[in-house]
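What follows is a set of notes on a single structure, which appears directly below.
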Amino acid sequence: MYCPTCGWRNADDVARCANCRQELQAAQVGAPGQPRQPYKQQEAFSSQPYAQDPFGSVPDYLVWSILVTVFCFLPFGIVAIVKSAEANSRRDMGDYDGAMRAAQSARMWTFLSLGIALAPFVIFAAVVIVCIIAATKV
Ligand SMILES: [Zn+2]
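Numbering (my numbering), first residue to last: 33 to 170.
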């Protein structure tokens, strides 16, 4: 084996380095243990996001709620943003049920805002269609 201190090539069964008298067996025991500990720490760090993975299934309506606030009905959109942020913070705290309730509420307000914005167009389209049908029947 090679001496970890000076690099001298020793026989495998010697206890001390022939060149510098460094204890080889003590160094050999310490050497494999050293890379093992940072590897364990890395494993613990990388497993942490996986432990939170079930909470990752909470849907995030924050982008949609912001979009409907800007382009659709602002008051309902703001409620949707608040509920989306609440869902995210509850998910981060580990409150899965609360996060799901808040996310469902955010989705409801998002669709309400979208519906109010689209309602005039739907009504207008319906009136136009009725007028066209009425005109062609006359
Ligand atoms: Zn040595």
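All C-beta atoms, glycine included, are put in the ideal place defined by N, C-alpha and C.
Same chain, Cβ closer than 6 Å to residue i, neighbours up to 5 away in sequence not counted
i    : result
E118 : A134
A131 : V90, A119, R122 and R123
L94  : S116
Option nearest residue i by Cα separation, candidates the options
i    : options                  : result
P91  : I110, N120 and F108      : N120
C104 : N42, L144, D44 and Q57   : L144
R139 : S97, M33, L56 and V162   : S97
P107 : V154, V95, G126 and W141 : W141
L146 : I165, T168, R41 and V100 : V100
Cβ neighbours of residue i in the same chain (closer than 8 Å, five flanking residues each side left out)
i   : result
C38 : C49, N51, C52 and Q54
Problem - Any heavy atom of ligand 1 nearer than 5 Å to the CB - residues listed - result: C35, T37, C38, W40, C49, N51, C52 and Q54
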